[in-house]
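One structure below.
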Amino acid sequence: MLTTESLQRIDREIEKYPADQKQSAVMAALAIAQEERGWLSNETIEFVANYLGMAPIAAYEVASFYSMYDLNPVGKYKLTVCTNLPCMLSGGVDAAEYLKAKLGIGFNETTVDGKFTLKEGECMGACGDAPVMLVSNRRMCSCMGPEQIDRLLAELE
Amino acid sequence: MTILGAIQPMLTSGLDGDNAWRLEHYLKRGGYSALKKVLAEKISPDEIIGEVKKSGLRGRGGAGFPTGLKWSFMPRDYQGNKYVVCNSDEGEPGTFKDRDILRYNPHSVIEGMAIAGYAMGASCGYNYIHGEIWEIYKRFEEALDEARSAGLLGANILGSGFDFDLFAHHGYGAYICGEETALLESIEGKKGQPRYKPPFPANFGLYGKPTTINNTETFASIPWIVNLGGDAFLNAGKPNNGGTKIFSISGHVNKPGNYEIPLGTPFSTLLEMAGGMRGGRRLKACIPGGSSSPVVPGDVMMQCTMDYDSIAKAGSMLGSGAVIIIDETVCMVKALERLSYFYYEESCGQCTPCREGTSWLYKIVHRIENGNGREDDLELLESITGNIMGRTICALGDAAALPVQSFVKHFRDEFIYHIEQKKCLVPVDIQRAGSGFFSALS
Ligand SMILES: Cc1cc2nc3c(=O)[nH]c(=O)nc-3n(C[C@H](O)[C@H](O)[C@H](O)COP(=O)(O)O)c2cc1C
Ligand code: SF4
Ligand code: FES
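Heads up: the protein sequence lines correspond to chains A and B, in order. Mapping to our numbering: the first sequence position 45 is 45, numbers consecutive. Mapping to our numbering: the second sequence position 309 is 1309, numbers consecutive.
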């Protein structure tokens, strides 16, 4: 179900914890699985659970509790914009509005070409760099004024 | 990180260049000398904890609990594993200092945690880093590898017989995991729902073992204290408020960022360091310790010094040191609406007063903001906050209630105007200009 490379990465995570606490690796394992598959289907979650020797429902609880796991398909790029108060003061909400207008979608929607999904995010611990956004959970983009957003969208192929 | 401290800053000193985070650079600026000293001189755990107590260091994660005292709660004669855990979950709106500590000075956290492990008899630690800063999580793992290869982590550190290993665990988007027992649940591979206390983590922590949890900045302060002594640290701040502290300044200032200053520095000095108010506008309000701390009117804030006691006197909390600056372009109802939405979103749902109460708070503030407020809504808000506070498992309930109470108390006229006139006291075009986003377009 997952590639050897992903499984090796998960194995390295398991090593961080006591031998009888494999479940501790579930957050990392789900993140790795999502990185490979794009999102977490029930089958993927079940596979991860079995790999770690835990009940599938327990893995599903984790996947549904933490907001960065996607339990539904998302576009090629997921853009999460922080609109919490500190960012809002410096343009976080405006940046989200700008993106909505440019992409023609609202929050939790995906462009028809399947390229972009837009999400509203909570504080990402980077409020001094507002507006802040995350690309597909991995890359943080800081100080995203209109020009920087235009450039980012052009760069994401 | 911008550093303009009046004294030599401790946590952020010597951090220039892209490679400042690397072990080699850290060693060059005296890094790991505290750990080496502890191990070479076989300083007793009691003596270290005594120094930390003397330093007046208070937890930098929000609650301000004295660190030395917390360490002394760990059972001494326990047979079996004990843990030290670093809280780098940093999700409190306004706070972004731990990110910069990990980005520019990760080894100071590793060294601080190793010393903590030695002082509390723990041989394993975890650093819980929130999922939004993936690049920094990766960097921390690289720093751990560096330390391990140099014999500064792992079995028999520097031939001393002391074993300590440390691992990074990442979060994946849940503010509540910053609460220390939710964080432990999360490391155990579960939903991040806070535990009932007692038992406290010192007795029943990670995997049921004795555990001490401290904030990133707290651990980063330890090497300094060991090197120069508790007294020197205390004297860098003011009595009961030892040391320097990193303040994250966001919102309407010219130079948002992190600033390390001695505790007790006037707020006005800090504001100046951050470049002053954007566009020279008036300071309307300040949230001095992260979104969960009560808002303080601008004129009151201008009289404060930045330390636990002064901010408490002004009716708020120093919290995590996240200073959110709000100018006159802001509608306070809208600001509160966004904060209330946050707590509603992030409540873990275990306790009814928090789960239902945060939802009601948001709905009511939302309807006031949107011109549908009712005459008795302010009383309703007060009664709901009263029914949340002190009736929940963790402090998120209080954190959701305090902003509501303080916003309504200090900016009551704006709320009443909204309810009566069905619109903002602050004209919409002025609000729009405040963020500066669209001015970049024209
Ligand atoms: C809802 C909630 C969120 C919290 N978030 C954080 C956080 O992000 N970082 C942190 O260090 N402490 C956070 N805390 C405080 C921790 O529970 C704990 O007190 C702290 O990590 C202890 O470290 P310290 O004594 O060094 O401050 C939070 C508490 C609550 C109730
Ligand atoms: S107070 Fe709220 S966040 Fe804390 S345990 Fe209760 S429901 Fe969860
Ligand atoms: S409020 Fe947006 S990163 Fe903190």
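We put the CB at the ideal spot given by N, CA and C, even for glycine.
Backbone secondary structure at residue i - three-state DSSP
i: H1252 of chain B; result: coil
i: N1258 of chain B; result: strand
i: C1354 of chain B; result: helix
i: I1287 of chain B; result: strand
i: R139 of chain A; result: strand
i: G1434 of chain B; result: helix
i: I1325 of chain B; result: strand
i: Y1207 of chain B; result: helix
i: E1420 of chain B; result: helix
i: E120 of chain A; result: strand
i: K1197 of chain B; result: coil
i: G1154 of chain B; result: strand
i: F1247 of chain B; result: strand
i: D1165 of chain B; result: strand
i: M1 of chain A; result: coil
i: M27 of chain A; result: helix
i: S1108 of chain B; result: helix
i: M1301 of chain B; result: helix
Residues bridged to residue i [DSSP beta-bridge criterion]
i: C1086 of chain B; result: B:N1127 and B:N1214
i: P1066 of chain B; result: B:R1058
i: H1170 of chain B; result: B:I1129
i: M1306 of chain B; result: B:T1265
i: N1241 of chain B; result: B:K1238
i: M133 of chain A; result: A:V81 and A:C141
i: V1296 of chain B; result: B:C1286
i: T110 of chain A; result: A:T117
i: M1277 of chain B; result: B:V1253
Rounded straight-line distance, which links the Cα of residue j to that of residue i
i: I1246 of chain B; j: N50 of chain A; result: 44 Å
i: P1045 of chain B; j: C1348 of chain B; result: 37 Å
i: S1383 of chain B; j: R1355 of chain B; result: 16 Å
i: A1155 of chain B; j: A1236 of chain B; result: 35 Å
i: I1101 of chain B; j: V74 of chain A; result: 33 Å
i: Y1126 of chain B; j: V1084 of chain B; result: 7 Å
i: L1283 of chain B; j: I14 of chain A; result: 50 Å
i: A1401 of chain B; j: V1333 of chain B; result: 15 Å
i: A1122 of chain B; j: K1209 of chain B; result: 10 Å
i: A1006 of chain B; j: A1232 of chain B; result: Low confidence applies to A1006 of chain B: its pLDDT is 31, below 50, so where it sits in the model is not reliable, and the reading given next is rough at best. If I take the Cα positions, the gap works out to 16 Å.
i: I1388 of chain B; j: A1020 of chain B; result: 46 Å
i: G1386 of chain B; j: H1366 of chain B; result: 19 Å
i: V1457 of chain B; j: D1098 of chain B; result: No information on residue 1457 of chain B is available, as it lies outside the stretch 1001 to 1442 that chain B covers here.
i: G1449 of chain B; j: F1437 of chain B; result: The structure shown does not extend to residue 1449 of chain B, since chain B is modelled only from 1001 through 1442, so no value can be given for it.
i: A96 of chain A; j: S6 of chain A; result: 33 Å
i: T1322 of chain B; j: Y1172 of chain B; result: A small correction: the amino acid at residue 1322 of chain B is Ala; Thr does not occupy that position in the sequence shown. Each residue's Cα considered, the two are about 22 Å apart.
i: S1268 of chain B; j: E1142 of chain B; result: 39 Å
i: Q1405 of chain B; j: A1274 of chain B; result: 28 Å
i: Q34 of chain A; j: R1195 of chain B; result: 29 Å
i: G1276 of chain B; j: A1395 of chain B; result: 33 Å
i: L1378 of chain B; j: V1408 of chain B; result: 7 Å
i: T1002 of chain B; j: K1255 of chain B; result: With a pLDDT of only 35 at T1002 of chain B, under the threshold of 50, the placement of this residue in the model should not be trusted, and no figure is reported.
i: M124 of chain A; j: Y1417 of chain B; result: 33 Å
i: Y1341 of chain B; j: G1159 of chain B; result: 53 Å
i: S1293 of chain B; j: A1312 of chain B; result: 10 Å
i: L103 of chain A; j: S1435 of chain B; result: 22 Å
i: P146 of chain A; j: S1439 of chain B; result: 10 Å
i: M68 of chain A; j: Y60 of chain A; result: 13 Å
i: I105 of chain A; j: S64 of chain A; result: 24 Å
i: D1413 of chain B; j: E1420 of chain B; result: 10 Å
i: T1305 of chain B; j: E1024 of chain B; result: 37 Å
i: P1427 of chain B; j: A126 of chain A; result: 29 Å
i: P1198 of chain B; j: R12 of chain A; result: 34 Å
Integer-rounded CB distance, given that residue j should sit under 8 Å from residue i
i: V62 of chain A; j: K1036 of chain B; result: With 8 Å as the limit, V62 of chain A and K1036 of chain B do not qualify as a contact, their Cβ atoms being about 40 Å apart.
i: L118 of chain A; j: K100 of chain A; result: 7 Å
i: L1152 of chain B; j: N1087 of chain B; result: Actually they do not touch by this definition, with Cβ atoms about 22 Å apart.
i: G1062 of chain B; j: V1052 of chain B; result: Their Cβ separation, rounded to whole angstroms, is 19 Å, which puts G1062 of chain B and V1052 of chain B out of contact at 8 Å.
i: F116 of chain A; j: L152 of chain A; result: So it is not a contact: roughly 11 Å between Cβ atoms.
i: S1221 of chain B; j: G1319 of chain B; result: No, S1221 of chain B and G1319 of chain B are not in contact; Cβ-Cβ is about 17 Å, not under 8 Å.
i: L30 of chain A; j: V48 of chain A; result: 6 Å
i: I1048 of chain B; j: V1226 of chain B; result: 7 Å
i: V26 of chain A; j: M1 of chain A; result: Not really, about 15 Å apart at Cβ, beyond 8 Å.
i: I1176 of chain B; j: Y1128 of chain B; result: 12 Å between Cβ atoms; not a contact.
is_contact[residue i, chain D] using C-beta, thresh 7 Å
i: A1335 of chain B; result: The structure shown contains no chain D; its protein chains are A and B.
Under 5 Å from any heavy atom of ligand 3, by CB: list those residues in chain order, please.
Qualifying residues, in the order they occur: A:C82, A:N84, A:P86, A:C87, A:C123, A:M124, A:A126, A:C127, A:V132 and B:P1093.
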